[in-house]
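Visitor: Numbering (the numbering used here), first residue to last: 44 to 306. Okay, here's the structure, questions in a sec.
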């Protein structure tokens, strides 16, 4: 497996969170994907594979070279017909609606027509040398960079607070901190992020827990759940399954290769 990632610097990080390149050889199997509540422009070189989702692992063919995932239930897995080569541009959560509000259908959605320059970028990115790819991505980001709206700036502050607290914060605490009602925060957050505030908090907490456990396998799941504020194991397992699609023990017994890029 070849894997490389890059985090854009200011001012690009106002809208873009990360970009990464992944190549896996033939017969890579079904690769798990975790929804982090950040939308992606996914450039798929082979444009030939299947996306599996939901408890019953329903299959949807992938025939697009540029797509995003919209409103599907985890767990997610992707399987290429042969090799699998991705270049992905991940946007900040508060920029989800800015880039993807026109996406209406659920599923693997072709987004090649959403923004100018996507098709030429897709054609060039897989021809480029490794050291050129991230510079090309930042050049495209620069073309579409805009000043965030006041609403986006508020949601950015909320998201950054949640990240800083590793998801261990309540909506009530955020309401007090930002001097806005729970209802107002929930409404403006859903408008910009396209996910509920509660869903985002749970996702940040569980993913932080997952990344910690990936580096500290010696820590028991029970101890870890307590450290992350879960004193009811059924509550912990329920939240974990909402994000990762399977129970914690099953997940960590088959830790996805894709998590390596988070370490």
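Just so it is clear, CB atoms sit at the ideal spot from N, CA and C, and this is done for glycine as well.
1) Return the CA-CA distance between residue 120 and residue 101, expressed in angstroms with no decimal places.
2) Could you pull out every unbroken alpha helix (DSSP H) segment of at least 4 residues lying fully inside the region 126-179, listed in chain order?
3) Measuring straight from C-alpha to C-alpha, what distance separates residue 192 and residue 152?
4) Secondary structure at residue 301, three-state DSSP: helix, strand or coil?
5) Out of curiosity, what's the CA-to-CA distance linking residue 124 and residue 105?
6) Report buried or exposed for residue 286, applying the criterion of at least 16 other Cβ atoms within 10 angstroms of its Cβ.
7) For residue 241 and residue 214, I'd like the C-alpha separation in whole angstroms.
8) Among 246, 263, 197, 207, which residue has its Cα nearest to the Cα of residue 281?
9) Using the Cα positions of residue 148 and residue 230, report the straight-line distance between them to the nearest angstrom.
10) Taking only the alpha-carbon atoms, compute the straight-line gap between residue 3 and residue 137 and give it to the nearest angstrom.
11) Within the chosen definition, does the region 202-211 reach the region 165-173 through at least 3 CB pairs nearer than 8 Å?
12) Output needed for residue 140: all residues of its chain with C-beta closer than 6 Å, excluding positions within five of it in sequence on either side, in chain order.
13) Using the three-state DSSP reduction, which class does residue 185 fall into: helix, strand or coil?
14) Can you check DSSP and say which residues form a bridge with residue 101?
15) Thinking just about the alpha-carbon of each residue, which of 46, 255, 130 is nearest to the one in residue 87?
16) To the nearest angstrom, report how far apart residue 289 and residue 199 are at their CA atoms.
17) For a test of the three-state rule: what should DSSP assign to residue 61, helix, strand or coil?
18) Any idea what DSSP makes of residue 49, helix, strand or coil?
19) Can you list, in chain order, the residues of its chain whose CB lies under 6 Å from that of residue 45, leaving out five sequence neighbours each side?
20) Should residue 97 go down as buried or exposed, given a rule of 16 or more other Cβ atoms within 10 Å for buried?
21) In this structure, does DSSP put residue 69 in helix, strand or coil?
22) Using the C-alpha atoms, what's the distance from residue 268 back to residue 262?
23) Could you give the residue range of the alpha helix (DSSP H) that holds residue 123?
24) Would you tell me roughly how many angstroms separate the C-alpha atoms of residue 144 and residue 255, rounded to the nearest one?
25) Does DSSP put residue 85 in a helix, a strand or coil?
26) How about residue 109 and residue 165: do their beta carbons lie closer than 8 Å?
27) Please report the residue range of the beta strand (DSSP E) in which residue 320 lies.
Guide: Checking against the coordinates, here is how it stands:
1) Numbered from its first residue, the chain shown carries residue 120 at position 77. Numbered from its first residue, the chain shown carries residue 101 at position 58. Computed Cα separation, rounded: 10 Å.
2) 139-143, 161-168
3) Counted from its first residue, the chain shown places residue 192 at position 149. Counted from its first residue, the chain shown places residue 152 at position 109. Those two C-alpha atoms are separated by around 26 Å.
4) The residue labelled residue 301 in the question sits at position 258 within the chain shown. Below a pLDDT of 50, predicted positions are generally treated as unreliable, and residue 301, at 46, falls in that range; the measurement from the model is reported next regardless. Note: residue 301 maps to helix in three-state DSSP.
5) Here residue 124 is taken as the residue at index 81 of the chain shown, counted from 1. Here residue 105 is taken as the residue at index 62 of the chain shown, counted from 1. Between residue 124 and residue 105, the C-alpha separation is close to 10 Å.
6) Taking the chain shown and counting its residues from 1, one reaches residue 286 at position 243. With 16 or more other Cβ atoms within 10 Å, it is buried.
7) The residue you call residue 241 lines up with position 198 of the chain shown. The residue you call residue 214 lines up with position 171 of the chain shown. Rounded to the nearest angstrom, the two C-alpha atoms are 7 Å apart.
8) Residue mapping note: residue 281 aligns to position 238 of the chain shown, counting from 1. When each option's Cα is compared against that of residue 281, the closest is 246.
9) In the chain shown, residue 148 corresponds to position 105, counting from 1. In the chain shown, residue 230 corresponds to position 187, counting from 1. The straight-line gap from Cα to Cα measures roughly 21 Å.
10) This structure does not reach residue 3, given that the chain is present from 44 up to 306, and the question cannot be answered.
11) no
12) Taking the chain shown and counting its residues from 1, the one referred to as residue 140 is at position 97. Only 235, 237 meet the Cβ criterion.
13) Translated into positions along the chain shown, residue 185 becomes position 142. The answer is helix: DSSP assigns residue 185 an H, G or I state.
14) Here residue 101 refers to the residue found at position 58 of the chain shown. Beta-bridge pairing links residue 101 to 96.
15) Taking the chain shown and counting its residues from 1, one reaches residue 87 at position 44. Taking only the C-alpha atoms, the option nearest residue 87 is 130.
16) Here the question's residue 289 lines up with position 246 in the chain shown. Here the question's residue 199 lines up with position 156 in the chain shown. Residue 289 and residue 199: Cα-Cα distance of roughly 30 Å.
17) Position 18 of the chain shown, counted from the start, is the residue given in the question as residue 61. Residue 61 falls in the strand class under three-state DSSP.
18) Residue mapping note: residue 49 aligns to position 6 of the chain shown, counting from 1. Residue 49: strand per DSSP, three-state reduction.
19) Here residue 45 is taken as the residue at index 2 of the chain shown, counted from 1. Result list for residue 45: 66, in chain order.
20) For the purposes of this step, residue 97 is identified with residue 54 of the chain shown, where counting begins at 1. Classification for residue 97: exposed.
21) Stepping through the chain shown from its first residue, residue 69 is reached at position 26. Residue 69: coil per DSSP, three-state reduction.
22) Here residue 262 refers to the residue found at position 219 of the chain shown. Here residue 268 refers to the residue found at position 225 of the chain shown. Taking the straight line joining both Cα atoms gives about 10 Å.
23) As a working mapping, residue 123 is identified with position 80 in the chain shown. No alpha helix (DSSP H) contains residue 123, which is instead part of the beta strand (DSSP E) from 119-123.
24) Here residue 144 corresponds to residue number 101 of the chain shown, with the count starting at 1. Here residue 255 corresponds to residue number 212 of the chain shown, with the count starting at 1. Cα-Cα distance, rounded: 33 Å.
25) Start at 1 with the first residue of the chain shown, and residue 85 comes out as number 42. DSSP places residue 85 in strand when its eight states are reduced to three.
26) Walking along the chain shown from the start, residue 109 turns up at place 66. Walking along the chain shown from the start, residue 165 turns up at place 122. Yes, the Cβ-Cβ distance between residue 109 and residue 165 is below 8 Å.
27) Missing from the structure shown is residue 320; the chain here goes from 44 to 306 and no further.
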